[in-house]
Each structure stands twice: as structure tokens, then as C-alpha cells.
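Chemist: Quick note on the working numbering: the sequence shown kicks off at 129 and runs consecutively.
A virtual CB, placed ideally from N, CA and C, is assigned to each residue, including glycine.
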Amino acid sequence: MTTPKPRLIVADPSLADARGHHFALSLQITRGAQLQGIETIWFTHKDFIAPDWLDDVSVNPVFSITMYDSYHPEKKNKLQGDLDQKLLGELFEGILRSRLSDNDHIYFHTGFGDLYRAMPTYLSLMKCGEFPYLHICTPYEPEAMPGTDQGNTLPAVFGNMRNMSEIDKKLFFWAETPQLALHYTLSYRFNVRALSLPPPIGINNNKLQHDSGTLTALYLGAAREEKGFLRLSEIVDRLYEHYGCTGKICFVIQCSPQIIGYLPSIKLAIEKLSGYPESYVKLIDSVMSEDEYHSQLLASDVVLLMYDKENYRIRGSGIAVEAISSDKCILTTKGTFCAGLISHGGGEAVEGNDEAVAMLLKMAENKHEYMQRAKIQGEEYRKVNSVTNYVSRIINQPKRGYSPAFFPSTVIGHVSPSLLSL
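(1) Are the beta-carbon atoms belonging to Arg501 and Gly473 less than 7 Å from one another?
(2) According to DSSP, is Tyr235 part of a helix, a strand, or is it coil?
(3) Going by CA-CA distance only, name the one from Gly241, Ala467 and Gly349 that's closest to Glu420.
(4) What's the gap between the Cα of Asp175 and the Cα of Ala144?
(5) Between the C-alpha atoms of His422 and Asp296, what's the straight-line distance to the nearest angstrom?
(6) For Leu228, name the three-state secondary structure that DSSP assigns.
(7) What are the residues that DSSP puts in a beta bridge with Arg410?
(8) From the DSSP secondary-structure annotation, give me the bridge partner or partners of Leu136.
(9) Within the same chain, show all residues whose beta-carbon is closer than 6 Å to that of Ala139, passing over the 5 residues directly before and after it, in chain order.
(10) Sorted by chain position, which residues of the same chain lie with C-beta nearer than 6 Å to Lys444's C-beta, five sequence neighbours on each side aside?
(11) My output table needs one value for Gly389: the three-state DSSP class, helix, strand or coil.
(12) Could you check if Ile447 is buried or exposed, using at least 16 other CB atoms within 10 Å of its CB as the buried criterion?
(13) Kindly indicate which three-state DSSP category Thr266 falls into: helix, strand or coil?
(14) For Gly354, which option in Gly375, Ile394 and Ser428 has the closest C-alpha, if you only look at C-alpha atoms?
(15) Within the same chain, show all residues whose beta-carbon is closer than 8 Å to that of Gln213, passing over the 5 residues directly before and after it, in chain order.
(16) Kindly indicate which three-state DSSP category Cys373 falls into: helix, strand or coil?
(17) Return the residue from the list Leu391, Gly341, Ile137 and Arg359 that minimises the CA-CA distance to Val478.
(18) Taking the C-alpha atoms as reference points, what is the distance between Ser340 and Asn319?
(19) Flag this pair as yes or no: are the beta carbons of Leu346 and Val380 separated by less than 7 Å?
(20) Using only CA atoms, which one of Pro327, Tyr435 and Ser417 lies nearest to Gln505?
(21) Answer yes or no: do Gly356 and Met434 have a C-beta to C-beta separation smaller than 7 Å?
(22) If you compare alpha carbons, which of Gly165, Phe151 and Cys373 is closest to Tyr404?
(23) For Val512, is the classification buried or exposed, using 16 other Cβ atoms within 10 angstroms of its Cβ as the cut-off for buried?
(24) By how many angstroms is the C-alpha of Pro179 removed from the C-alpha of Ser226?
(25) In terms of residues, what are the limits of the alpha helix (DSSP H) holding Arg147?
(26) Could you tell me which whole alpha helix (DSSP H) segments of length 4 or greater appear in the stretch 277-353?
(27) Quick check: the Cα distance between Ile193 and Lys495, rounded to an integer number of angstroms?
(28) Are the CB atoms of Ala451 and Ile458 within a distance shorter than 7 Å?
(29) Can you say whether Leu262 is buried or exposed, counting buried as having 16 or more other CB atoms within 10 angstroms of its CB?
(30) With C-beta atoms as the reference, is Leu411 less than 7 Å away from Cys378?
(31) With a threshold of 7 Å between beta carbons, is Tyr404 in contact with chain D?
(32) Is it the case that the Cβ atoms of Val187 and Thr168 are separated by a distance below 7 Å?
(33) Bridge partners for Pro189 per DSSP, in chain order?
(34) Just verifying my parser: in three-state terms, what is the DSSP assignment at Ile458?
(35) Under the DSSP definition of a beta bridge, which residues are partnered with Leu432?
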């Protein structure tokens, strides 16, 4: 009897509408699967309504909670019971409704605390029947992960799962960066593999030409302290008189509120930035559509990723990957994951605002050279991290067999980065 071709189920309880990172990544993964002839099903939040053009994907809205609900006062008050068990029950509902087999793969691309806490029960139930392969990838380190403030802490959860025989056979753990994967593996003593974000779909098509002599510096995403938003007003101020007034540099800054709203410090920073001419500082205070977002990205020259070193030492950044994949220079903080993405001189990593100002001036004076470097940098990232490779690693991981968790060598004192992709 012929084994049916595996299906890929992209599962995301936080996929509640057709915009933002959750939707874009789900769509990327789906297109990568379709290029290989793999049927794809989505398990989404119950509020998700598929756009008309998404007619080649089977959408199954099964989840009723998102990882962000605890940050919304109104939604948080309605959260009741064990959220991990609720999540698990809804997952099983989707499995039964879609008639999944033990040859199919369920992939959560944005793992969070409640999902991990549900895994011991999932594994215990798995012994009672045939279940699909289950993969969980996370962009978060344990301390910053949503959904970890209830019930067991992650160390306790992972400690309970460590010796379960299904790990690396039917259940697989991934992380968005090699640094994060290594951190999890060494902390909890079982394999967590690196699965770097793929380039956005079609990012290399219809690129705008950089004929303007003005260097356009772009900040994308919500206005957040840990993403360096408070540093922008000083940088902008120091460059205005000699470079802003002359049209040598301009800034496009998205300043939409995060889920909890604007902090007082953020409000003050936005007020300062709003005092400059729009020709020098353009503020975008709303969530952009996918088309608007990519239009701003493609029209820029350098993307500002002045992230806090403590918070982003091992944590990944979808914006950084999009910038690199779009042949953009990046200006980021030394010692962060983002800094590790710079290759071929297609960006700069700095410590403080003095260095940031100096590097922006250097980029403005040598714009053509920097853009050429960024182009080579982007080509390399797209080649190594294609979405087809991303999907293939998920689907083919069970075929590679079980491998013991690896640890730092007592002889050489380090772990080879190549082991992270095993």
C-alpha cells in the first residue's frame, strides 16, 4: 500500500486577520509547500476570514484564544480555566475535522507558553492512537515568551518532557535563530533546532531604483522602547541642521501603538519627532496594510534596528530578515542577533547614538557603495534561507532519525554551529 503524501498544517491561534507577521509568515510557508506539491491546511483563530484571493488553501478556524489576549484588559478578564488544555482541545478538534493522518505535519511557527504547557498532555494522549507529527518553532526566549505567567514555568514543563520517547520522533522543537536554539538546547537538555526565517514572498521582484541622492532611513513596527524608539529623536535632531535641511538624509518612522498602548516616554518621543518638517521626518501612526508596509520598505535605503542588546541578544527579528532580503542596509546594535545578519558590509552595528549618527553620515556619503553591498548581502540570504528549504527541513526531519541532545564539549569548550541544523 502506497503511503499518502504528507500534508502540512500551518497552525497559529494568533492568526486572526489577513495582515501582519502571523499572516505573512503563514502565507510564506504555504507558498513554499505548494512549490513542492504539498497540500496545506491552516488552523487559525475563529475570527479569521480568508481573503477572496486565498482560494487555494483550506482554512479551518479552530482556536478561540491568542497569545496576545492576556495583554488586552477586556480579553484578559474573559480568560478562564486552563488555557493550555483549552488550546489542546481545540487542536484535537481541528485534527479530527481535517481527518489528519500520522503522515501529516502540524507546524506552529510562533510557539508561546500555553502551547508548550499543553505538550505533556498531548504526548500522553499520543500513545493512545496515531497522531500527526507536531513541530513548534518560537522566536522568543523563555523570559520574554507570552503565556508563561500561568501555571507551570517553562523549565518545569520541559523538564517533564525531556525523557519522553516521542521527542525527536513525533514532536520536534525549533527556534528562529541559531543563538536561540543553542540557548534552549543547553538550558533544557534536548534538541531545539534552528529554523531561520525565509525571505518574504516575491521580495526580490519590482524593486524601486535608488536614484535619489537622499538616504532614506526607515523604522518599522510598533513604537517600543526595547526596539530603540527612544533613541530616534536624538539621532534625528543631531542630523537635521547639516543633513536634514539639505535633503541628504530623511526619516520615515512608523509609530503605531503596541498592544498595551503608548507609554508616556513613547508619547514624548513622538511629540519631539512631530516637530520636524514632513520632508525630513514622516511619521506613520497606524498599522499598515501588507502593500503599504512593503512599499515603505522597498522605498528605503537603511532600516533602523537599534534594538536593546539585553532583549535581542538571541531573539530574532522578522523586520531584520525582511530588510536584508530586500537588499536594504541595516543599522543595528552590536551584540544582537540583527548584527549577526550583516555580511559583505551591507550594514553597520553600533553601540550608542554617537556611533549611530556617524554611521548614518557615512552611509549618506557612500550611499551607492552601501547599496551594492546590501544587494550582495540580500542575494546570499535568499539563497541560503529559501522558503522551500524551510519547508523541506520540517517535512523531512522525522526521516533523519533520533539524535541525542548535544552539549558543550569538555575538550574544545564549544558547540559547533553546524550541529544546530542536524
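Modeler: Checking against the coordinates, here is how it stands:
(1) It is a contact, given that the beta carbons lie within the stated cut-off.
(2) Look at Tyr235 here: in three-state DSSP terms it is strand.
(3) Between Glu420 and the set Gly241, Ala467 and Gly349, the nearest pair of CA atoms involves Gly349.
(4) The alpha-carbon atoms of Asp175 and Ala144 are separated by roughly 5 Å.
(5) Taking the straight line from one Cα to the other gives about 37 Å.
(6) The three-state reading of DSSP puts Leu228 in coil, since its state is none of H, G, I, E or B.
(7) In the sequence on display, residue 410 carries Lys and not Arg. DSSP output for Lys410 lists Val380 as bridge partner(s).
(8) In the DSSP assignment, Leu136 forms a beta bridge with Thr168 and His233.
(9) Hits under 6 Å: Phe171, Ile234 and Phe236.
(10) Looking at the sequence provided, one finds Gly at residue 444 rather than Lys. Result list for Gly444: Pro267, Glu304, Thr305 and Phe465, in chain order.
(11) Of the three classes helix, strand and coil, the one that applies to Gly389 here is strand, per DSSP.
(12) By the beta-carbon neighbour count (other beta carbons within 10 angstroms, threshold 16), Ile447 is buried.
(13) Looking at Thr266 - three-state DSSP - the assignment turns out to be strand.
(14) Checking the sequence, you will find Glu at residue 354 rather than Gly. Ranking Gly375, Ile394 and Ser428 by Cα distance to Glu354 puts Ile394 first.
(15) Closer than 8 Å at the Cβ level, and outside the excluded window around Gln213, lie Ala246 and Thr249.
(16) If DSSP states are grouped into helix, strand and coil, Cys373 belongs with coil.
(17) Out of Leu391, Gly341, Ile137 and Arg359, Arg359 has the C-alpha closest to the C-alpha of Val478.
(18) Roughly 48 Å between the two C-alpha positions.
(19) Yes; because the gap between Cβ atoms is below 7 Å, this pair is in contact.
(20) Here the closest residue by C-alpha is Pro327.
(21) Taking 7 Å as the Cβ cut-off, Gly356 and Met434 qualify as a contacting pair.
(22) For Tyr404, the nearest C-alpha among the options comes from Cys373.
(23) Its Cβ having fewer than 16 others within 10 Å, Val512 is exposed.
(24) Going by the C-alpha atoms only, they are around 21 Å apart.
(25) In this chain, Arg147 is not harboured by any alpha helix (DSSP H), its DSSP state being neither H nor E.
(26) 282-289 and 306-316, all fully within the stretch 277-353.
(27) Cα to Cα, Ile193 sits roughly 46 Å from Lys495.
(28) Yes, these two residues count as a Cβ contact at 7 Å.
(29) Result: buried.
(30) Result no, Cβ atoms of Leu411 and Cys378 do not sit closer than 7 Å.
(31) No chain D appears in the structure shown, which is made up of a single protein chain.
(32) No, the pair does not count as a contact, with Cβ atoms beyond the cut-off.
(33) DSSP lists Thr172 as partners of Pro189.
(34) The answer is strand: DSSP assigns Ile458 an E or B state.
(35) In the DSSP output, where bridge partners are listed per residue, Leu432 has Leu459.
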